[in-house]
Ligand SMILES: C[S@@+](CC[C@H](N)C(=O)[O-])C[C@H]1O[C@@H](n2cnc3c(N)ncnc32)[C@H](O)[C@@H]1O
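Here it is as C-alpha cells:
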C-alpha cells in the first residue's frame with residue numbers, strides 16, 4: 009500500500025500553503041521515512057488487518073504513530089486529532105478503533121519498541137531486499153548507511169564561483185543572520201545551519217547561489233574542465249552539474265546537455281536562465297547515438313540514472329518506490345549509456361562516471377565491464393598526490409557514503425582515453 013498512497017498524500021500536501029503545507033509535508037515525509045517501523049508498531053496493536061479499502065485510515069494511524077514516536081506533539085493532542093480527522097474523513101466507524109490503537113500504543117510503547125529491535129526491517133525502517141544488498145556490498149558500513157538514510161537532510165548551497173568565493177558569500181549570509189559551515193573538500197559548498205526559503209538568500213535571483221548537495225558538487229570539480237573544452241553532460245536534468253561546470257570554467261568552447269525527458273529538461277533551461285549561463289540542450293536517449301553529429305568531446309560527464317540509494321535521506325519515497333527488480337534494468341541502461349559515451353570521447357579526453365547509488369553493481373561493476381571491453385580506457389586517480397583522502401576506495405573509483413561530512417552518497421570514477 010505504502011508507495012502509491014503515500015505518493016498521493018505527498019501531492020495533496022504539496023497543494024497546501026504556509027504552515028499547513030509544512031505540517032502536512034512533515035507528516036508525509038515522516039511516514040515515508042519510518043514506514044517499516046510504523047507499520048510494524050501498528051500491526052502489534054490492530055486486532056485484525058485493515059482491508060484494502062481502509063487504506064486512508066491506515067495512513068491516518070501511521071501519521072499519528074509518527075507524531076507519537078518522532079515528534080514532540082503531546083500524546084493527548086495526537087489521539088484527539090486523529091479521532092477528529094476520522095470524522096472529517098467520514099470514517100466514523102473507525103473512531104473507537106483509532107482511539108484504542110493509539111492509547112494502547114502509548115501505554116505499551118516501551119516494551120513494543122524493545123521487541124521491534126529483533127525485526128531488522130522495522131528497526132532500520134528499510135525494505136528487507138535493500139538491507140540485504142547493503143549488507144552484501146558494505147559489510148562494515150551497512151548499519152551506518154541505514155542510520156544515515158533515516159536522518160533529515162541538511163540544506164547545502166553551491167556558491168557561484170564565477171561571482172563570489174565561498175568565504176565571501178558565507179559572510180554575506182552572516183550579515184543576514186544566517187550561519188553556515190564549509191565542507192572539507194567541496195570547495196563551493198556551504199551548509200546552512202537553519203532552514204530558509206532559498207529564494208530569499210542574498211543574490212539568489214541573480215544566480216549567486218544554488219541549492220545542491222555537497223557530494224553532488226564534487227562531480228564538476230573532478231571533471232577537470234579547462235578553457236576551450238567541448239563538454240558533454242549526458243543525463244543532465246535538472247542541470248545542477250551542468251551549471252556548476254559552467255560556473256567553474258566560463259571559457260569552455262561548448263556545453264552540450266542531453267536529457268531523456270522534455271519536462272525535466274525545462275528545469276535545466278530554468279536553472280541556466282537564472283544563472284545566466286548557456287548550453288546546447290538536446291532531448292534524447294543517451295543509450296543510443298541517434299542525436300550525435302559524430303564530433304567527439306574533451307570531457308564527458310555520465311551522471312547515470314540509478315537506484316538513488318545514496319540520496320534516500322533527501323528522498324525517503326525511494327524506499328517505497330524502488331523494487332529490487334528495478335536494479336537490473338537500471339544496470340542495463342547504465343551500461344548502454346556508458347558504452348555510447350565512450351565512443352564520443354576524444355583521445356586525450358576524460359570521462360567521469362557518477363551515480364547517486366551505493367550499490368556496487370551500478371558503480372564499480374559498470375566500470376569493470378567497460379575496462380574489460382575497451383583496452384583504450386585507463387582509470388585515473390581521483391585524489392591528487394598529497395591531497396586528503398575522501399570517500400571509500402573501491403576496486404574502481406571511490407564511494408562517498410551518505411552522512412559522511414553530512415553529504416549525500418555518490419560514486420565517482422574517472423577514465424581517460426589516451427592519444428593513439
Ligand atoms: C541522476 S539524474 C541527473 C542529475 C543531473 N546531472 C544534475 O546534476 O542535476 C539522471 C537523469 O537522467 C535522465 N535519464 C534517464 N534515462 C536517460 C536516458 N536513457 N537518456 C538520457 N537521460 C536519461 C533522467 O531523466 C534524470 O534526469
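Numbering (this note's numbering), first residue to last: 9 to 428. We treat Cβ as the ideally placed atom computed from N, Cα and C, and that holds for glycine.
**Study point:** Cβ-based neighbour list, residue 414, same chain, cut-off 6 angstroms, excluding 5 preceding and 5 following
**Key:** Cβ within range, chain order: 162.
Practice item. Run the CB neighbour count on residue 41, radius 10 Å, all protein chains shown included, and call it buried at 16 or more, exposed below. Key: By the 10 Å Cβ count, residue 41 comes out buried.
Review point. For residue 307, is the beta carbon positioned less than 6 angstroms from some heavy atom of ligand 1?
Key: No.
**Study point:** Among 206, 421, 332, 353, the one whose alpha carbon lies nearest that of residue 2
**Key:** In the structure as shown, the chain starts at 9 and stops at 428, and residue 2 therefore has no counterpart that could be examined.
Check your understanding: Which same chain residues, not among the five before or five after residue 73, have their C-beta less than 7 angstroms away from its C-beta?
Key -> Same-chain partners within the cutoff: 46, 49, 50, 113.
Review point. Taking 6 angstroms as the cut-off, does the CB of residue 354 come closer than this to any heavy atom belonging to ligand 1?
Key: Not under cutoff, so the answer is no.
Exercise for review: Would you mind stating whether residue 420 and residue 388 have Cβ atoms separated by less than 7 angstroms?
Suggested key: One thing to note: residue 420 has its Cβ no nearer than 7 angstroms to the Cβ of residue 388.
Check your understanding: How about residue 290 and residue 253: are their beta carbons less than 7 angstroms apart?
Key -> Result no, Cβ atoms of residue 290 and residue 253 do not sit closer than 7 angstroms.
Point to revise | Endpoints, the beta strand (DSSP E) within which residue 299 is located | key: Segment: none, residue 299 is in no beta strand (DSSP E) and carries neither H nor E.
Exercise for review: Would you grab the beta carbon distance between residue 310 and residue 349 for me? Rounded to a whole angstrom, and I think it's under 8 angstroms.
Suggested key: The beta-carbon distance between residue 310 and residue 349, rounded to whole angstroms, is 5 angstroms. This is short enough to meet the 8 angstroms contact definition.
Review point. Sorry if obvious, but does the Cβ on residue 417 come closer than 6 angstroms to a heavy atom of ligand 1?
Key: No, ligand 1 has no heavy atom inside 6 angstroms of this Cβ.
Review point. In terms of residues, what are the limits of the beta strand (DSSP E) holding residue 309?
Key: Boundaries of the beta strand (DSSP E) around residue 309: 305-311.
Review point. Shortest alpha-carbon distance to residue 54 belongs to which of 60, 44, 66?
Key: Checked all of 60, 44, 66; the closest Cα to residue 54 is 66.
Point to revise | Nearest candidate by alpha-carbon position, reference residue 193, set 373, 223, 218, 165 | key: The shortest CA-to-CA distance from residue 193 to any of 373, 223, 218, 165 is the one to 223.
Check your understanding: For the region 391-408 against the region 326-346, are there 3 or more C-beta pairs whose distance is under 8 angstroms?
Key -> They do not touch, by the three-pair rule.
Point to revise | the region 340-348 / the region 368-388 touching (three or more Cβ pairs under 8 angstroms) | key: With a cut-off of 8 angstroms, the region 368-388 and the region 340-348 count as touching, because enough Cβ pairs lie within range.
Point to revise | CA nearest to the CA of residue 246, picked from 278, 228, 231, 236 | key: The residue with the shortest Cα to Cα distance from residue 246 is 278.
Review point. Can you give, in chain order, each stretch of the alpha helix (DSSP H) that sits fully within the region 166-232 and has at least 4 residues?
Key: Secondary structure within the region 166-232: the alpha helix (DSSP H) runs of 4 or more consecutive residues, fully enclosed, are 174-183, 226-230 (chain order).
**Study point:** residue 243: CB within 6 angstroms of a non-hydrogen atom of ligand 1
**Key:** For residue 243, the shortest separation between its Cβ and any heavy atom of ligand 1 lies below 6 angstroms.
Exercise for review: Quick one: using the 10 Å Cβ neighbour count with 16 as the cut-off for buried, is residue 44 buried or exposed?
Suggested key: Burial state of residue 44 is buried, judged by a 10 Å Cβ sphere holding 16 or more other Cβ atoms.
Review point. Could you give the distance in angstroms between the alpha-carbon of residue 205 and the alpha-carbon of residue 282?
Key: Each residue's CA atom was taken as its position, placing residue 205 and residue 282 some 16 angstroms apart.
Practice item. For the alpha helix (DSSP H) containing residue 120, list its first residue and its last residue. Key: The continuous alpha helix (DSSP H) containing residue 120 extends over residues 103-124.
Check your understanding: Considering only C-alpha positions, which residue in the set 393, 427, 368, 383 is nearest to residue 146?
Key -> Nearest in C-alpha terms to residue 146, of all of 393, 427, 368, 383, is 368.
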